[in-house]
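Here is the structure we will look at, set down as structure tokens.
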Amino acid sequence: SAVISQKPSRDICQRGTSLTIQCQVDSQVTMMFWYRQQPGQSLTLIATANQGSEATYESGFVIDKFPISRPNLTFSTLTVSNMSPEDSSIYLCSVVSGRETQYFGPGTRLLVL
Amino acid sequence: GQQLNQSPQSMFIQEGEDVSMNCTSSSIFNTWLWYKQDPGEGPVLLIALYKAGELTSNGRLTAQFGITRKDSFLNISASIPSDVGIYFCAGRGNRDDKIIFGKGTRLHILP
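This is the structure:
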């Protein structure tokens, strides 16, 4: 298994500002992902964070809005840029470890006013 | 694309009752995963299934990987108040495919 931590755990932000969320894993992992979960909804994949190269974004998500860094195999950041109230969500870091099993961090709860 | 249908959407049960929920897919999966999410937390992996027909238990939880590889179920026996939460199924086709999530089953336990 993998133990994943995220910072911050929650934040309240003003519209137009940006927030960077950090994800730290206790072991080296190849595959790392960022998800968004809007209130009462399932999980939506934002992008795959690739170590040493640009992230791979899903349809509907763009690098200018959600820039991602992956400097090594244990760490990644997701920035939510130029925030609006519609960006209020839980943002989740996730990794694949062991036998192709996917684990999730505790999430970052973001409220944009 | 691949889709997962998870049912029921929500359940209201009495403490002590058994619970059953399932997921069906429009295509074949090679891995099925079941997660539980408490309010304000990230999903926690309950059971992982890797082979058609596999039946795996984790305490009071039992999950099975359907023979057709297009479905899976999760049973909870003798429910207790801490079982309240949202249960998500997830599946993956090939090794490099992204996992697909169901929409979740919200479990409520009546006092």
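These protein sequence lines map, in sequence, to chains A and B.
Numbering-wise, the first sequence is residues 1321 to 1433 according to this note's numbering.
Numbering-wise, the second sequence is residues 2 to 112 according to this note's numbering.
The C-beta atom is built at its ideal place from N, Cα and C for all residues, glycine as well.
As a quick exercise: from B/K52, B/I77, B/I100, B/E16, pick the residue whose alpha carbon is nearest that of B/R70. B/K52
Closer than 8 angstroms to chain B by CB, A/P1426: With 8 angstroms as the cut-off, A/P1426 counts as an interface residue toward chain B.
How is the beta strand (DSSP E) around A/L1433 delimited, first residue to last? First-last for A/L1433: undefined, no H or E at that position.
For B/P44, count the other beta carbons within 10 Å of its own beta carbon; 16 or more makes it buried, fewer makes it exposed. Which is it? buried
I need the straight-line Cα distance from B/Q7 to B/S21, nearest angstrom please. 11 angstroms
Backbone CA spacing between B/L25 and A/N1370 [nearest angstrom]: The sequence given here places Thr at residue 25 of chain B; Leu does not occur at that position. Their Cα atoms are separated by approximately 31 angstroms.
Since A/T1428 contacts A/I1341 with CB under 8 angstroms, what's their CB separation in whole angstroms? 5 angstroms
For B/M12, write down the residues that DSSP places opposite it in a beta bridge. BP columns for B/M12 point to B/L108.
For A/S1404, which option in A/N1392, A/C1343, A/P1387, A/S1338 has the closest C-alpha, if you only look at C-alpha atoms? A/S1338
Give the DSSP-derived three-state secondary structure of A/P1328 in the structure shown. coil
Less than 8 angstroms between the C-beta atoms of B/I68 and B/G54, yes or no? yes
Where does B/D84 sit, in a helix, a strand or coil, going by DSSP? helix
Please report the Cβ distance between B/S27 and B/Q10, rounded to the nearest whole angstrom; I am assuming they are in contact, meaning their Cβ atoms lie under 8 angstroms. That pair is no contact at about 18 angstroms.
Contacts that A/L1365 makes with chain B (C-beta to C-beta distance below 8 angstroms): K99
Restricting to Cα atoms, I'd like to know which of A/V1416, A/T1397, A/L1430, A/M1351 is closest to A/Q1344. A/T1397
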